[in-house]
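S.K.: Residue numbers (this note's numbering): 1293 to 1609.
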Ligand SMILES: Cc1cc2nc3c(=O)[nH]c(=O)nc-3n(C[C@H](O)[C@H](O)[C@H](O)COP(=O)(O)OP(=O)(O)OC[C@H]3O[C@@H](n4cnc5c(N)ncnc54)[C@H](O)[C@@H]3O)c2cc1C
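Right under this line is the structure:
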């Protein structure tokens, strides 16, 4: 018996989502008194997983194919899960995680539960809390199957360290035929991605125009943050669509989300609900975002943000 987790990575390094899934898997494994088995692909920096209590790591070399490959990865995960008699498998709620999770569930005859936020409220049968209606409500879902694949919402469990040493194994898990092959990936920016960022600084129409975006970028640089924007901002071409967050954009699950000149429409909030601390800077005290904020500054962004950036810069030196 074991719990199996899929470790997402980029350039051989586990992503934050992968480490969170490992932390969560460790807690599930402890609750069942079983071992935690991780499956990663082409990991070069796998020592990081030792910090999160992984007992065994199947580090699978895809022989040159370094990009996410749903057929190969799902087959390897399913084969490892079968080999170690896994009853629980965990993936993240990233685009790749949500792609691979249901396929692994079908291959292993498991139930699939998406958007899980927190540890199970009961184990036999398994019952978990999940978000629904674009994070505006929760439901408790019970599995009628013994084997379950869970996809964990980003930032819902966090990183919990449990140092140890993972036994590293390799393995060959060929697929009978690969119908898709990713030839190349072109990133929109070299900066930290919104999905992986601990801190996100986001701008809305209140910034008046793209020529003022240095306010957002300077603050983001000081904090080592990713930059984001509201939908109209990307629709008007002020910023790239890759920065658009919300219901129709990217979800953000950062530890700190700073929204500047963003009104806080429900479609925007739907994408950032999973962020932990929300700071709002807006000149209108009635802006709806203040209701969702942990901290708010009522003021003109053009006055407040340069001062904030300078103060933070001085503090961090
Ligand atoms: C089906 C659908 C899907 C949608 N999906 C999304 C989505 O995914 N993401 C998204 O963001 N939106 C989405 N929208 C649009 C959403 O409804 C809002 O229109 C949008 O979020 C508003 O963007 P904004 O806050 O930048 O602009 P505005 O609503 O124009 O707000 C600008 C804010 O800036 C403040 N401001 C003005 N000047 C200053 C200043 N000098 N200093 C400080 N503050 C200032 C104003 O008080 C105001 O609150 C969607 C809409 C629909 C219908």
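For every residue, glycine included, the Cβ atom is placed at its ideal position computed from N, Cα and C. Please read all numbers here as calculations on a predicted model, not as lab measurements.
What residue from 1366, 1500, 1595 and 1517 has the CA that sits closest to residue 1297's CA?
M.R.: Along the chain shown, read from residue 1 onward, the residue named residue 1297 stands at position 5. With distances taken between Cα atoms, residue 1297 lies closest to 1366.
S.K.: Going along the chain, which residues of its own chain have a beta-carbon closer than 8 Å to the beta-carbon of residue 1470, five neighbours each way excluded?
M.R.: Position 178 of the chain shown, counted from the start, is the residue given in the question as residue 1470. The residues are 1361, 1363 and 1364.
S.K.: If we count the other Cβ atoms within 10 Å of its Cβ and call it buried at 16 or more, is residue 1400 buried or exposed?
M.R.: Looking up residue 1400 in the chain shown gives position 108. Buried: at least 16 other Cβ atoms inside 10 Å.
S.K.: Using only CA atoms, which one of 1532, 1322, 1560 and 1377 lies nearest to residue 1544?
M.R.: For the purposes of this step, residue 1544 is taken as residue 252 along the chain shown, with counting starting at 1. Of the listed residues, the one whose Cα sits closest to residue 1544 is 1560.
S.K.: Work out the CA separation of residue 1342 and residue 1327 for me, nearest whole Å.
M.R.: Counted from its first residue, the chain shown places residue 1327 at position 35. Counted from its first residue, the chain shown places residue 1342 at position 50. Distance between the alpha carbons of residue 1327 and residue 1342 is about 13 Å.
S.K.: Measure from the alpha carbon of residue 1456 to the alpha carbon of each residue in 1344, 1565 and 1479, then state which is nearest.
M.R.: Within the chain shown, residue 1456 is the residue found at index 164, counting from 1. Nearest option by C-alpha distance: 1344.
S.K.: If the criterion is Cβ atoms closer than 7 Å, does the pair residue 1319 and residue 1384 meet it?
M.R.: Looking up residue 1319 in the chain shown gives position 27. Looking up residue 1384 in the chain shown gives position 92. Contact: no.
S.K.: Would you list the residues sitting across from residue 1422 in a DSSP beta bridge?
M.R.: The sequence position of residue 1422 within the chain shown is 130, counting from 1. Paired residues: 1408 and 1431.
S.K.: Go ahead and pull the three-state DSSP assignment for residue 1414.
M.R.: Translated into positions along the chain shown, residue 1414 becomes position 122. If DSSP states are grouped into helix, strand and coil, residue 1414 belongs with the strands.
S.K.: Return the chain-ordered list of same chain residues with a C-beta closer than 8 Å to the C-beta of residue 1410, the five sequence neighbours on each side being excluded.
M.R.: Translated into the one-based positions of the chain shown, residue 1410 becomes position 118. So the list reads 1420, 1421, 1448 and 1449, once near-sequence residues are dropped.
S.K.: To the nearest angstrom, report how far apart residue 1536 and residue 1293 are at their CA atoms.
M.R.: The residue given as residue 1536 occupies position 244 in the chain shown. The residue given as residue 1293 occupies position 1 in the chain shown. Cα-Cα distance, rounded: 42 Å.
S.K.: Report, in whole angstroms, the separation of the C-beta atoms of residue 1321 and residue 1427, which I expect to be a contact under 8 Å.
M.R.: As a first step, residue 1321 must be located in the chain shown, where it is residue number 29. As a first step, residue 1427 must be located in the chain shown, where it is residue number 135. That pair is no contact at about 28 Å.
S.K.: Have a look at residue 1532 and residue 1509 and give me their C-alpha separation to the nearest angstrom.
M.R.: Numbered from its first residue, the chain shown carries residue 1532 at position 240. Numbered from its first residue, the chain shown carries residue 1509 at position 217. Between residue 1532 and residue 1509, the C-alpha separation is close to 14 Å.
S.K.: By a C-beta neighbour count over all protein chains shown, 10 Å radius and 16 as the cutoff for buried, is residue 1413 buried or exposed?
M.R.: Translated into the one-based positions of the chain shown, residue 1413 becomes position 121. Exposed, since its Cβ has fewer than 16 Cβ neighbours within 10 Å.
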